[in-house]
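Trainee: The structure is given below, and queries will be raised subsequently.
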Amino acid sequence: MAQASTEEKILEAAVAEFAKFGFEGARIDRIAKKAKINKAMIYYHFKGKEALYRRIISDISARIYSFIMDSMPGEDDPLRKIETVMSRFIQYTQSVDVSIVQISLRELANGGRLLKDIVIPRLHMPMIQFFVKALQEGKEKGVFRDVNPYYSYLQLFGGIVMLNGMRLVLPGNPLYDVVFPPDYVEQFTENMLTVFTKGISAAGGE
22 MAQASTEEKI
32 LEAAVAEFAK
42 FGFEGARIDR
52 IAKKAKINKA
62 MIYYHFKGKE
72 ALYRRIISDI
82 SARIYSFIMD
92 SMPGEDDPLR
102 KIETVMSRFI
112 QYTQSVDVSI
122 VQISLRELAN
132 GGRLLKDIVI
142 PRLHMPMIQF
152 FVKALQEGKE
162 KGVFRDVNPY
172 YSYLQLFGGI
182 VMLNGMRLVL
192 PGNPLYDVVF
202 PPDYVEQFTE
212 NMLTVFTKGI
222 SAAGGE
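For the sequence shown, the working numbering begins at 22 and goes up steadily by one.
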């Protein structure tokens, strides 16, 4: 196994620090100690706490987008495209360490400054544009209802965020085993796909 680079060690330590203390409470001294490096190396690689935090948020956004879009089917079926995006989104967000979940929720709770600067333009706007196009294609083909693509995206994304948040809240509660059985990712994905695709289907409710 290749030895982690200094930059990788810094990022790993910084994720743990930001998850526990948030941006304001995080300290470069503690990050250096966790990474087992001299503090000067952090400033050499990242120039400071702000740049380090921005790098982590940028990396998260880029990885999610690549994970989803690199697997997009070449076919023209709009339903298949939406199902792929949804399932890959769920799969990725449930595979990350809970530290990433904590950072994301802290960022949201603190006003989402970098959500506005990085995550929305680099991840959510391209994803929303994809949704708008796919839903419009489905409507033109007569397979989708006339639904609001922006609300549809936010409702889907909100459900996934909520599930991620419950990974932090429910441990130790009896509900945890109900919500998070070993195959919960598959169950949640299937349930969300069923609810969503039935809801937008032009044949739904008939």
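Don't be surprised by glycine CBs; every beta carbon is placed ideally from N, CA and C. It should be emphasised that the depicted structure is a prediction, and the values quoted were computed from it without experimental measurement.
Answer yes or no: do G179 and L126 have a C-beta to C-beta separation smaller than 8 Å?
Mentor: Indexing the sequence shown from 1 puts residue 179 at position 158. Indexing the sequence shown from 1 puts residue 126 at position 105. Contact: no.
Trainee: When you compare only the Cα positions, how much space is there between Q208 and A61?
Mentor: As a position in the sequence shown, residue 208 is number 187, starting the count at 1. As a position in the sequence shown, residue 61 is number 40, starting the count at 1. Answer to the nearest angstrom: the Cα atoms are 47 Å apart.
Trainee: Helix, strand or coil, according to DSSP, for F44 in the structure here?
Mentor: Residue mapping note: residue 44 aligns to position 23 of the sequence shown, counting from 1. Note: F44 maps to helix in three-state DSSP.
Trainee: So, at 7 Å on beta carbons, what are the nonlocal neighbours of K70 in its own chain, with the 5 sequence-adjacent residues on each side left out?
Mentor: As a first step, residue 70 must be located in the sequence shown, where it is residue number 49. Contacts found: A47, I49.
Trainee: Pull up the distance between the alpha-carbon of E28 and that of F152, whole angstroms please.
Mentor: The residue labelled residue 28 in the question sits at position 7 within the sequence shown. The residue labelled residue 152 in the question sits at position 131 within the sequence shown. About 36 Å.
Trainee: Under the assumption that L156 contacts V168 (Cβ atoms under 8 Å), give the Cβ distance between them as a whole number of angstroms.
Mentor: As a first step, residue 156 must be located in the sequence shown, where it is residue number 135. As a first step, residue 168 must be located in the sequence shown, where it is residue number 147. Right, their Cβ atoms sit about 7 Å apart.
Trainee: Just list the alpha helix (DSSP H) runs in the segment 187 to 224, keeping only unbroken ones of 4 residues or longer that don't cross its boundaries, in chain order.
Mentor: List check, alpha helix (DSSP H) in window: 196 to 200, 205 to 221.
Trainee: Output needed for S120: all residues of its chain with C-beta closer than 7 Å, excluding positions within five of it in sequence on either side, in chain order.
Mentor: Here residue 120 refers to the residue found at position 99 when the sequence shown is read from its first residue. Only V36, A37, A40 meet the Cβ criterion.
Trainee: Span of the alpha helix (DSSP H) holding I89?
Mentor: Position 68 of the sequence shown, counting from 1, holds the residue named residue 89. Start and end: 70 to 90.
Trainee: Which residue comes first and which comes last in the alpha helix (DSSP H) that contains L100?
Mentor: Taking the sequence shown and counting its residues from 1, one reaches residue 100 at position 79. Per DSSP, L100 belongs to the alpha helix (DSSP H) from 99 to 116.
Trainee: Work out the CA separation of I89 and K160 for me, nearest whole Å.
Mentor: Translated into the one-based positions of the sequence shown, residue 160 becomes position 139. Translated into the one-based positions of the sequence shown, residue 89 becomes position 68. Their Cα atoms are separated by approximately 23 Å.
Trainee: Output needed for N59: all residues of its chain with C-beta closer than 7 Å, excluding positions within five of it in sequence on either side, in chain order.
Mentor: In the sequence shown, the residue the question calls residue 59 occupies position 38. These residues qualify, in order along the chain: A53.
Trainee: As a quick exercise: from P147, R188, L189, pick the residue whose alpha carbon is nearest that of Y171.
Mentor: As a position in the sequence shown, residue 171 is number 150, starting the count at 1. Of P147, R188, L189, the residue nearest in Cα terms is P147.
Trainee: Over what stretch of residues does the alpha helix (DSSP H) that includes P147 continue unbroken?
Mentor: Working through the sequence shown from its first residue, we reach residue 147 at position 126. Here the alpha helix (DSSP H) through P147 covers 146 to 161.
Trainee: Among residues of its own chain, excluding the 5 on either side of E227, which ones have a beta-carbon nearer than 7 Å to its beta-carbon?
Mentor: Reading the sequence shown from its first residue, position 206 is the one you call residue 227. Bear in mind that the predicted position of E227 carries a pLDDT of just 47, short of 50, making it unreliable; the figure below should be weighed with that in mind. Excluding positions up to five away in sequence, the list is empty.
Trainee: I85 and L144 look like a contact to me (Cβ under 8 Å); what is the Cβ gap, rounded to whole Å?
Mentor: Counting from one through the sequence shown, the residue named residue 85 turns up at place 64. Counting from one through the sequence shown, the residue named residue 144 turns up at place 123. The Cβ separation is near 6 Å, so the contact holds.
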